[in-house]
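Trainee: Numbering (the working numbering), first residue to last: 4 to 984. Think of the CB as a built atom: it goes at the ideal place given N, C-alpha and C, for glycine as much as any other residue.
Next comes the structure, spelled out in structure tokens:
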């Protein structure tokens, strides 16, 4: 997997008095050293994560951050190497290797290593020969031999045994990702399987075997083709290529070139592993429920076999200053947008931290320059500024999405004007203080999640950031002045020193997809087990006792101002959230969704919309209004010390908002542009097809205003809908430090006056259609892949089915070790992404659904359809797979803790389904008793030999009409039929 290029991790910390008021105070964050249990470690004073940093004798870094909130642990094993250190003649190699480190070693993943190894050696030699051969006929012949020998070798391989090992521990989130200078392997495990986890991970990195290579290579080809269909990825790659001509950030891409993908070298992959996967270049990072003194000893023992080596330094010629704008252009079917990028120093510098602060002055979601001037004033459809911090350099990336009739050049000029205001210091004097307030809230949120802690520590490790500098970030903010920011902006930002990428509509004639090689399906040996797996499973572990939600005790019920209150007390910190839940939604009134969006741009007679945004941000509070199909939520969140002020703000805004005709006119224009953009998004098109399959031609997805109806709307209509909402009955959902009685005492009524509550309009009725015949719903889209979603409507909800459904999904189509994944991807190499499920309804009156998905190359369309249909018709039997599915399900439930606001969500979900107790208890107790015969009977009743609706998004001339017709009655939908406008 390739890491999301816009996943920004910012660790921020701040201070509070006992009463909750923020203040500026200098706190010392210094490195200290201590010892315990025979191990010396370093730590940072006043570090709220209580992290310990160990360096073992062989150079392996171990970073441990204990927290006892849940009996689970987030783990990362990170290597400080990625695509930046790929050989220039084998780009994409680090990413290849990431995929292959799931394939096992000579100890696991093989049923007979002595017989498998000679065949793998042959495959090695064939790939080296293939790599240097240019004659196409000869290459085809060599690949045919690779395919033949790979088929023989696969007879001795146990596909996905790594995933089976982790699933049997109750692990979740099994995955890995590769970026420029990091390759990271992640797991989330129950706290009682540490010994098993370390045994598997140590073996994994001891002697990885590159088995099942040609089918995994096909998955990488699919990943490449998926990237070729993503205009955003192409735009980012163009940005880095222009910004970093001397550094591999710009000279190479993480997934590699098509030419290099077609000519892999297993020899080069092993050389890369031997060079960079050494202890002095790796880190084991964990956060969760454990004793760090015990864990470091176990890590040391497990990884002591690794020997340090000198790491080749990455050298590059420093980038030359950009003296005039560098322009790049990318074309594709998606809606137009533009990027601007400015270069900054790397992660370990103080300038990188100032970059983060400066970006928040531009964009913080509420009160930044871009937020207020361009988003709040609706000058652009969307805009933002994001720091992307890497080891050698960083980028400030600005993104802008044009409104109707705007050119990308006009978008660029609007963003440049905001940078000019930044350089001139034309921003609020109290904005930095507000950023500190919000940093306080972000710190508390970060503490709540052991996953967030571990990720922040991992990112700091791979990018070379000093953790003391990271945790002292907000403390340092108190010392930064407005003039410091102005000086910083003037040093790095001007009218000429940037890269601009225009993503325009059009056909990209430069795209060359990776052509599918001929691959014979391989055996996956589902029920075979290595001795290593048996040994790991036999290791002792303490049992974790499950904890169920008691809806009578864990949810406090009260009445405030005559309305029901559901409350859960936050005993950990001062964060609160409050939602006013109304039992009306878009099915009652289509105006509600539009009104919710319009509110963002409204103020009252006494206060402007901009001032409301500033006031919320100053309080470190958030608000949102969201209209679903059958309910609407008005929500606020923030610090308990600011609860009363935040409550007053949202009530004032909702009750007293007034029309703004200019804002309304711009809002409708932006809405039309957004709707037009949705028609250029294949994901949105697929969602429309699914809704059509479920409900028919008139469905919730296209239950929207036509363009003519939008033009006939008045601002007063939307404001009236908001005022009416404030005067409707609702339920108050509270999570925070107050008890239910304390909350009731502070809860002010939303409704004004003593009159009757406003009654919501009668809901529209959308009836789920039975799936009586095979049908194809087809939408044409310019893309390299073909995406197919199988849909079928089933029966209505029954709680007695839940154990069967839960186990079936785990066994059949839920993860990397599932039947579907093993067959479609591992055995047949037909897709990068594939899954299947039996879906639970939203409420008891709704129907279960059968869903399945394959994203495949268009030239593999028929094979992929056939492969999935075979699985839907006949459920393969795997005794070992079923055992693992049971164990995995039980262990996951036992170590899961439903906490905080999730208790309210669990209670409401149970109410909708007519359950009075935590349904997980029934699953935990009953699922282990089920047999293959039970699952097979369920499969036959619900899936086998049943009609389906095939929802297909693909390029029409890439598929044959007769192939579609074989599947069922074909209905080609135009975009108006799908979207309703």
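I need the boundaries of the alpha helix (DSSP H) containing residue 135, first residue and last residue.
Mentor: If you number the chain shown from 1, residue 135 lands on position 132. Looking at the DSSP string, the run of the alpha helix (DSSP H) that includes residue 135 is 116-135.
Trainee: My guess is that residue 955 and residue 781 are in contact by the Cβ rule of under 8 Å, so how many angstroms apart are they, rounded?
Mentor: The count along the chain shown starts at 1 and reaches residue 955 at position 952. The count along the chain shown starts at 1 and reaches residue 781 at position 778. Between residue 781 and residue 955 the Cβ distance is about 5 Å, and since that is below 8 Å, they are a contact.
Trainee: Can you tell which of 801, 192 and 710 has its C-alpha closest to the C-alpha of residue 918?
Mentor: Sequence index remark: in the chain shown, residue 918 carries index 915 (1-based). Of the candidates 801, 192 and 710, the one whose C-alpha sits nearest the C-alpha of residue 918 is 801.
Trainee: Rounded to the nearest angstrom, what separates residue 988 and residue 510 at their Cα positions?
Mentor: Summary: the structure shown does not reach residue 988, with the chain confined to residues 4 through 984, and so no result is reported for it.
Trainee: Quick one: give me the first and last residue of the beta strand (DSSP E) that residue 333 is part of.
Mentor: Position 330 of the chain shown holds residue 333. Its beta strand (DSSP E) spans residues 329-335.
Trainee: Just the C-alpha distance for residue 271 and residue 96, rounded to the nearest angstrom, thanks.
Mentor: Residue mapping note: residue 271 aligns to position 268 of the chain shown, counting from 1. Residue mapping note: residue 96 aligns to position 93 of the chain shown, counting from 1. C-alpha separation (whole angstroms): 8 Å.
Trainee: Is it buried or exposed, residue 502, if we count other Cβ atoms within 10 angstroms and call 16 or more buried?
Mentor: Residue mapping note: residue 502 aligns to position 499 of the chain shown, counting from 1. It is buried - the Cβ of residue 502 has at least 16 other Cβ atoms within 10 Å.
Trainee: If I follow the unbroken beta strand (DSSP E) through residue 831, where does it start and stop?
Mentor: In the chain shown, residue 831 corresponds to position 828, counting from 1. No beta strand (DSSP E) holds residue 831; DSSP gives it neither H nor E.
Trainee: Given this structure, state the Cα-to-Cα distance separating residue 526 from residue 823, to the nearest angstrom.
Mentor: The residue you call residue 526 lines up with position 523 of the chain shown. The residue you call residue 823 lines up with position 820 of the chain shown. When rounded, the distance between both Cα atoms is 14 Å.
Trainee: Which one of 608, 783 and 951 has the shortest CA to CA distance from residue 795?
Mentor: Here residue 795 corresponds to residue number 792 of the chain shown, with the count starting at 1. Nearest option by C-alpha distance: 951.
Trainee: Mind checking who residue 954 pairs with in its DSSP beta bridge?
Mentor: One-based indexing of the chain shown puts residue 954 at position 951. DSSP, once it has assigned bridges, lists 780 and 792 as partnering residue 954.
Trainee: Using only CA atoms, which one of 947, 352 and 324 lies nearest to residue 346?
Mentor: Counted from its first residue, the chain shown places residue 346 at position 343. For the residues 947, 352 and 324, the minimum Cα distance to residue 346 belongs to 324.
Trainee: Does the segment 956-974 touch the segment 874-887, meaning 3 or more C-beta pairs lie closer than 8 Å?
Mentor: As far as the Cβ criterion goes, the segment 874-887 does not touch the segment 956-974, which means the pair count is below three.
Trainee: Which stretch, first to last residue, makes up the beta strand (DSSP E) that contains residue 80?
Mentor: Within the chain shown, the letter at position 77 stands for residue 80. Note, residue 80: beta strand (DSSP E), 75-82.
Trainee: Taking 8 Å as the cut-off, does the segment 237-257 touch the segment 332-346 (at least 3 CB pairs, one atom from each stretch)?
Mentor: Judged by Cβ distances under 8 Å, the segment 332-346 makes contact with the segment 237-257, as three or more pairs qualify.
Trainee: So, helix, strand or coil for residue 555, using DSSP?
Mentor: As a position in the chain shown, residue 555 is number 552, starting the count at 1. Three-state DSSP puts residue 555 in coil, outside helix and strand.
Trainee: Identify every residue that forms a DSSP beta bridge with residue 850.
Mentor: Within the chain shown, residue 850 is the residue found at index 847, counting from 1. According to DSSP, residue 850 bridges with 799.
Trainee: I'd like to confirm the pairing. Which residues does DSSP put opposite residue 625 in its beta bridges?
Mentor: Residue 625 sits at position 622 when you count from the first residue of the chain shown. Per DSSP, 640.
Trainee: I'd like the span of the alpha helix (DSSP H) that includes residue 291, first residue to last.
Mentor: Residue mapping note: residue 291 aligns to position 288 of the chain shown, counting from 1. From DSSP, residue 291 is part of no alpha helix (DSSP H) but of the beta strand (DSSP E) over 285-291.
Trainee: Under 8 Å: do the segment 418-430 and the segment 485-504 share three or more Cβ pairs, one atom per stretch?
Mentor: These segments touch.
Trainee: Can you list the alpha helix (DSSP H) stretches of 4 or more residues lying completely in the segment 311-377, in chain order?
Mentor: Entirely contained in the segment 311-377, the alpha helix (DSSP H) runs reaching 4 residues are, in chain order, 353-365.
Trainee: Cutting at 7 Å between CB atoms, please list the residues of its own chain near residue 624, excluding the five before and the five after it.
Mentor: Here residue 624 refers to the residue found at position 621 of the chain shown. These residues qualify, in order along the chain: 639, 640, 641, 645 and 649.
Trainee: According to DSSP, is residue 590 helix, strand or coil?
Mentor: On the chain shown, position 587 is the one that residue 590 refers to. In the structure shown, residue 590 sits in coil (DSSP, three-state: anything other than H, G, I, E or B).
Trainee: In the DSSP assignment, what residue or residues form a beta bridge with residue 113?
Mentor: On the chain shown, position 110 is the one that residue 113 refers to. Answer is 160, bridged to residue 113.
Trainee: Count the other CB atoms within 10 Å of the CB of residue 900; is the residue buried (16 or more) or exposed (fewer)?
Mentor: The residue you call residue 900 lines up with position 897 of the chain shown. When all chains shown are included, residue 900 counts as exposed.
Trainee: In three-state DSSP terms, what is residue 266?
Mentor: Position 263 of the chain shown holds residue 266. Residue 266: coil per DSSP, three-state reduction.
Trainee: For residue 80 and residue 690, I'd like the C-alpha separation in whole angstroms.
Mentor: Against the chain shown, residue 80 aligns to sequence position 77. Against the chain shown, residue 690 aligns to sequence position 687. If you take the alpha carbons of residue 80 and residue 690, they lie about 36 Å apart.
Trainee: On the criterion of 16 or more Cβ atoms from any shown chain inside 10 Å, does residue 981 qualify as buried, or is it exposed?
Mentor: Reading the chain shown from its first residue, position 978 is the one you call residue 981. It is buried - the Cβ of residue 981 has at least 16 other Cβ atoms within 10 Å.
Trainee: Classify residue 26: buried if its beta carbon has 16 or more other beta carbons within 10 angstroms, exposed otherwise.
Mentor: Residue 26 sits at position 23 when you count from the first residue of the chain shown. A caution first: residue 26 carries a pLDDT of 36, below 50, which makes its placement in the model unreliable, though a value can still be read off. It is exposed - the Cβ of residue 26 has fewer than 16 other Cβ atoms within 10 Å.
Trainee: For residue 484, collect the residues of the same chain with a Cβ closer than 6 Å to its Cβ; drop the 5 residues on either side in sequence, then sort them by chain order.
Mentor: Here residue 484 refers to the residue found at position 481 of the chain shown. Cβ within range, chain order: n/a, list empty.
Trainee: Quick one: is residue 1 buried, meaning 16 or more other Cβ sit within 10 Å of its Cβ, or exposed?
Mentor: Because the chain here runs from 4 to 984, residue 1 falls outside it and cannot be looked at.
Trainee: Helix, strand or coil: which one does DSSP assign to residue 501?
Mentor: Numbered from its first residue, the chain shown carries residue 501 at position 498. Reduced to three states, the DSSP call for residue 501 is coil.
Trainee: Going by beta-carbon coordinates alone, are residue 984 and residue 710 separated by less than 7 Å?
Mentor: Translated into the one-based positions of the chain shown, residue 984 becomes position 981. Translated into the one-based positions of the chain shown, residue 710 becomes position 707. Cβ distance < 7 Å, so residue 984 and residue 710 count as in contact.
Trainee: Given that a residue counts as buried once 16 or more other Cβ atoms are within 10 Å of its Cβ, and exposed if not, what is residue 141?
Mentor: Position 138 of the chain shown, counting from 1, holds the residue named residue 141. Residue 141 comes out exposed.
Trainee: For residue 359 and residue 632, I'd like the C-alpha separation in whole angstroms.
Mentor: Here the question's residue 359 lines up with position 356 in the chain shown. Here the question's residue 632 lines up with position 629 in the chain shown. So the two alpha carbons sit approximately 38 Å from each other.
Trainee: Decide if residue 664 is buried, meaning its Cβ has at least 16 other Cβ atoms within 10 Å, or exposed.
Mentor: Locating residue 664 in the chain shown gives position 661, counting from the first residue. Result: exposed.
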